[in-house]
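Residue numbers (this note's numbering): 53 to 87. Notes follow the structure.
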Amino acid sequence: RLGSERELKAHNLVRHEHKDYVVHEDDILLIRFSG
């Protein structure tokens, strides 16, 4: 449907959640970390 991360953000389909977020079925995760 949408082709890039920029388009997803433009349509408010990207959210940043805290580490205690409960993952739901059909969620897609992008896990970012620094070491």
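Note that CB positions come from ideal geometry on N, CA and C, so glycine has one too.
- Contact annotation, Val75 with Leu81: C-beta distance approximately 7 Å; criterion of less than 8 Å satisfied.
- Every alpha helix (DSSP H) of 4 residues or more that sits fully in the stretch 57-83 is shown, in chain order, as 57-62.
- Going by C-alpha positions, Lys71 is about 14 Å away from Ser86.
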